[in-house]
Amino acid sequence: MLNSNKSKILLVYTGGTIGMVKDYDSGALRAFNFDKLLKSIPELNQLDCGIKALSFKEPIDSSNMDPQHWIKIAKIIEENYEDHDGFVVLHGSDTMSYTASALSFLLENLSKPVILTGSQLPIGDLRTDAKENLITSIQIAALKEKGKSVVQEVGLYFEYKLYRGNRTTKINAEHFQAFASLNFPHLIESGVHLNVFKEYLYRHKNRRQLVIHEQMDNNVAVLKLFPGIGEKVLYSVLNTEGLKALILETYGSGNAPTETWFLEAIKKAIKKGVHVINVTQCSGGSVIMGQYETSAQLKKIQVINGKDVTTEAAVTKAMYMLGAGISDKLFKTIFETPLRGEMH
Ligand code: ASP
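Numbering of the sequence shown is given in the working numbering, commencing with residue 4 and proceeding in unit increments.
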């Protein structure tokens, strides 16, 4: 029997459109006072759970998100972990998939729900999508079965669907349905009832305590291939001072040019110690290294197989693994292993 009675939920407001107002002078949207935001949703009082709320001192547009903010959110969750049954993080949609992915790596052995949500229209707007997103996210975070949280991972709730956070991508800048998870089914669908697809929920193999990681290394770059990409561009990215990992967005199932200058440059960088990760620039599907001649070469020179990971999860996984000090020897094997259900 699913219920949400008496669950204690912590609401963390980081910023984003959900709580923004229009600036009188410029007409641009900017982050707003969180208390006022809460007062504009009296429906929260009708929910069957206790809600405590806290806010970033200076709420941000999520375009200003960075690894320090991710660590800050992870620490807030750690500090409040024992006293709460679930967490809802209000966040701008622009970089929400990056934050959801980052948190999934930073929060090891998570056994309570951390649900990220936001909206395309501010909460004060007549046609806002914010209320449904917020209220259902709280209900999902409060959901329990036999005394245990139903969701035990970092999720992203938007427009009637809960997704595994590290599988999502923002796919639309104006539709209410702004996110997609093309390589993994959604976990919950909200209709008249909350429909939970239990077979897809993430579960740990162990019952260890929550561990928070507090280091991320941003010596990472993303390079999207395009026909006609020049040697100089590739060289300058690969020779970036301090670069430790490159996410290479390749074509289709992981294919790239077979020209000597291209392969030699990648080979040299790998020899120098840069981890090069093959991720497809397609929205869905997987890298299959060796399926075509154009990826067999990459496999031969020890490029890491990103499989069906999103770019968002690849970037944050690389930052997390580098921050955790994973040795060069183990990096490839660990990256190719699913750590939080982010790849198959
Ligand atoms: N620019 C906003 C942000 O990401 C958009 C949103 O909230 O949806 O903070």
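From the three backbone atoms N, C-alpha and C, an ideal C-beta is built for every residue, glycine too.
A quick note: this is a predicted structure, and the numbers were derived from the prediction, not measured.
6 Å CB neighbourhood of residue i in its chain, flanking five on each side removed
i      : result
Ser193 : Thr139 and Tyr163
Asp311 : Asn186, Ser289, Met346 and His347
Ile74  : Glu217
Lys55  : Leu13
Gly326 : Gln218, Met219 and Asp220
Ala105 : Trp73 and Thr319
Phe90  : Leu13, Ile80 and Val117
Whole-angstrom distance between residue j and residue i, CA atom to CA atom
i      : j      : result
Glu85  : Asp97  : 30 Å
Pro260 : Gln294 : 14 Å
Ala272 : Ile126 : 48 Å
Ile21  : Glu339 : 36 Å
Ser29  : Met23  : 14 Å
Gly158 : His72  : 18 Å
Gly287 : Thr313 : 9 Å
Lys9   : Asn112 : 24 Å
Asn308 : Thr263 : 21 Å
Gly3   : Phe37  : No answer is possible for residue 3: it lies beyond the span of the chain, which begins at 4 and ends at 347.
Phe179 : His87  : 30 Å
Ala176 : Gly53  : 33 Å
Gln300 : Leu342 : 27 Å
Gln284 : Gly255 : 7 Å
Leu93  : Ile44  : 14 Å
Glu267 : Ala144 : 49 Å
Leu137 : Leu50  : 11 Å
Ile337 : Ser122 : 35 Å
Ile291 : Leu213 : 34 Å
Glu405 : Ile269 : Since the first residue shown for the chain is 4 and the last is 347, residue 405 is missing from the structure and cannot be characterised.
Val117 : Asp128 : 26 Å
Ile174 : Ala183 : 6 Å
Glu202 : Lys275 : 43 Å
Residue i (DSSP reduced to helix, strand or coil)
i      : result
Gly326 : helix
Lys134 : helix
Ala299 : helix
Ala248 : strand
Ser29  : coil
Val157 : strand
Ser289 : coil
Tyr163 : coil
Gly309 : coil
Arg280 : Here the sequence assigns Ile to residue 280, which means Arg is not the residue at that position. Note: Ile280 maps to strand in three-state DSSP.
Glu345 : coil
Asn112 : coil
Tyr11  : With the sequence shown as reference, residue 11 is identified as Lys, and Tyr is not the correct amino acid for it. Strand, per DSSP.
Glu148 : strand
Same chain, Cβ closer than 7 Å to residue i, five either side skipped, listed in chain order
i      : result
Thr243 : Ala224
Leu246 : Asn222, Ala224 and Val277
Contacts around residue i, its chain only, beta-carbon distance under 8 Å, and the 5 residues preceding and following it disregarded
i      : result
Ala31  : Lys25
Ile250 : Val223, Ala224, Val225, Leu226, Ile280, Val282, Gly309, Thr314, Ala317, Val318 and Ala321
Practice prompt. List in chain order: all unbroken alpha helix (DSSP H) runs of 4+ residues lying wholly within the stretch 166-228.
Written response: With a minimum length of 4 residues, no continuous alpha helix (DSSP H) run stays inside the stretch 166-228.
Fill in: Segments assigned alpha helix (DSSP H), at least 4 residues, entirely inside the stretch 52-110
Secondary structure within the stretch 52-110: the alpha helix (DSSP H) runs of 4 or more consecutive residues, fully enclosed, are 70-83 and 99-109 (chain order).
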